[in-house]
Structure formats: structure tokens, C-alpha cells
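A.B. asks:
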Amino acid sequence: MTSLVRASQDEAETSGSLTESEIYGNMFAFNFAGHDTTAHTFTFALYFLAAHPEVQDWLSEEIREVLGDRLPSKWDYRAHFPRLKRCVSVIYKTIRLYTVVPSIKWTDSRSQSLTIGEKTVVLPPHSMVAPSYGSVQTDPRFWGPDSLAWRPSRWIKLAAGSDTDVVSKPGEEDFSMPVRGAFIGWSDGVRNCPGRKFSQVEFVATMASLFLNWRVDPTVAKGESLDTARRRVENLIKTDSGSVLLLQMLHPERAPSVWKKR
1079 MTSLVRASQD
1089 EAETSGSLTE
1099 SEIYGNMFAF
1109 NFAGHDTTAH
1119 TFTFALYFLA
1129 AHPEVQDWLS
1139 EEIREVLGDR
1149 LPSKWDYRAH
1159 FPRLKRCVSV
1169 IYKTIRLYTV
1179 VPSIKWTDSR
1189 SQSLTIGEKT
1199 VVLPPHSMVA
1209 PSYGSVQTDP
1219 RFWGPDSLAW
1229 RPSRWIKLAA
1239 GSDTDVVSKP
1249 GEEDFSMPVR
1259 GAFIGWSDGV
1269 RNCPGRKFSQ
1279 VEFVATMASL
1289 FLNWRVDPTV
1299 AKGESLDTAR
1309 RRVENLIKTD
1319 SGSVLLLQML
1329 HPERAPSVWK
1339 KR
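Start counting the sequence shown at 1079; every next residue gets the next number (the numbering used here).
(1) Buried or exposed: which applies to PRO1230, given that a residue is buried once 16 or more other Cβ atoms fall within 10 Å of its Cβ?
(2) Below 7 Å CB to CB, which residues in the same chain sit around HIS1329 once its five sequence neighbours on both sides are set aside?
(3) Taking three-plus beta-carbon pairs below 8 Å as touching, is the segment 1217-1226 in contact with the segment 1180-1191?
(4) To the nearest angstrom, how far is the alpha carbon of VAL1322 from that of ILE1315?
(5) Compute the Euclidean distance between the alpha carbons of VAL1336 and SER1277, then round it to the nearest angstrom.
(6) At a cut-off of 7 Å, is ALA1307 close to the ligand MN when judged by its beta-carbon and the heavy atoms of the ligand?
(7) Where does TRP1153 fall in DSSP's three states?
(8) Any chance the segment 1292-1299 sits against the segment 1117-1133, with 3 or more Cβ pairs inside 8 Å?
(9) Can you give me the start and stop residues for the alpha helix (DSSP H) that PRO1296 sits inside?
(10) Between PHE1281 and THR1080, how many whole angstroms is the CB-CB distance? I'm expecting something under 8 Å.
(11) So, under 8 Å CB-CB, GLY1263 and PHE1108 are touching, yes? Tell me the CB distance rounded to an integer number of Å.
(12) How far does the beta strand (DSSP E) with SER1321 in it reach, from first residue to last?
(13) Jot down the residue ranges of each uninterrupted beta strand (DSSP E) in the segment 1243-1307, minimum 3 residues, whole runs only, in chain order.
(14) How many Å lie between LEU1288 and ASP1224 at the Cα?
(15) By Cβ distance, which residues of its chain are closer than 6 Å to VAL1168, with the 5 residues on each side in sequence left out?
(16) Give the single residue among GLU1312, SER1265, GLU1331, ASP1305 whose Cα lies nearest to the Cα of VAL1178.
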């Protein structure tokens, strides 16, 4: 926020500075859009991870490889964040299935042409367009026959030039983006979400802090096995989520979890 205000002051003499209203608007966007949305996404991710211990192990392998035994105060954004691809894949995967804030676009004061395949559709002025996130982000044409499965590894591929016969090494993998338009979790184009990178860094730092040395499991109810508890948690995500301003788990307290040292 300080950088934004300083940049505005520096440009005041040449191109005009931000108004007080614009500064307050940006403060709201960063604090609400950058924290509340990430918090709800993180809740979904933690419950998915509690239901998938193999993904926790997969994450921990990367975190240990990249960060080692460094204290969080010694973590470096430029050196470490670009290598934590598996952690990033968890937020992408979670948002793909549970988009907390579906974006809505508009055509402003003039019509817009939209070409789909061989067909061109003209959108009238002052029209709002609400993409079907649940359709495009789970379309088997782009995501495969298991498009509804929570599988973060689908976003990871071997680094360019790697031997395809060699198992991928954590910290040296590439991030695999789908065809453009198949994922719009932060919207897309020149007016995509300005808080995209902020939310990713915030999410990855928290994931690294937790899963470096810890693992999470659902609390086992009386007469229930751990595997049954994991299936129960994943079913709770599917059946007890809804929108209260933002898409969120409505009653996460119904599935308490327990954290254990690795």
C-alpha cells in the first residue's frame, strides 16, 4: 500500500496521482479481495489435503527440497517461490473446482464481438457476461475424464529438457497451464484480478509453513476408520458448500481435524 501511495505521489506532476477515493478503493480491494477470498480457498484446500495424505507427502517433499531447514525469516521470495510449483498447484486445483469469486465482465458503452469456433456473437452495449465457471473449468475436453477429481499433480510437468524416463524432481518442475480460457479462476486478459500474485504468494507461504513439518488428518468419529473419515470430509466439501457473499464451506466445524508432527 505504501508503494502504491508513493508511486502516485511521484507521478502527480506528470500523469496525475490517485485520488483519495481511489486509494481507499485499492485498500479495500487488497484487504478484502486479497485476504477473505484466500482464507476461504485455504479452508477448502486444507480439508482436501486432510482427505488426501498422499498429496501432503508430495507437498512436503517439495517444501523440504526447496527450503530445507531454513527458518521462515530466511525464506526468499525470488529464490524460493518460483520453485514451489506443487504448492501453487494446490491453490490452482482448489480454485478450479471451487471458485470463491466468479468474475463478471461487461461490454461498457459499446458492443463487443465474441468469436467462438466459426461463429461470431455480438454482445450489445451495457451487457454483463457471467461465464459458467463450473462448466469450463471441469470440461473433460480440457481436463480429461477425471475432470472433477481434486488432483493437483495435473498442473505439474517435467522441466523443459528433462529426461522423460527420469522421475520429476521437486523444486525443478514446470507448471502446466491448460489451453487459454479453460481456467479463469482469477479472470483473464488485461483486466484480470490484480491480487492474483498476492493471493498465490500468501497461500504458498502458509502452505510451506504448515506442511514442512506437520501433517493433518480428520478427527475420527466413534466406530469410524481413518479412511472412512477422509471420505466423510471430502463428501462434506461437496455437499455443504455455498455462497455467503463468497463461495465457502458452510460448516467446517462439523469436520474437526488434528495436526501431528511428521
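Yeah, the Cβ is synthetic: ideal placement off N, Cα and C, and Gly gets one too.
C.D. replies: Reading it off the structure:
(1) buried
(2) ASP1318
(3) no
(4) 15 Å
(5) 26 Å
(6) Ligands displayed in this structure: none; no statement on the ligand MN is therefore possible.
(7) coil
(8) yes
(9) Run containing PRO1296: none in the alpha helix (DSSP H); it sits in the beta strand (DSSP E), 1292-1296.
(10) Not really, about 23 Å apart at Cβ, beyond 8 Å.
(11) That belief does not hold up - the Cβ atoms of GLY1263 and PHE1108 are roughly 18 Å apart, past 8 Å.
(12) 1319-1322
(13) 1292-1296
(14) 28 Å
(15) ALA1123, PRO1230
(16) SER1265
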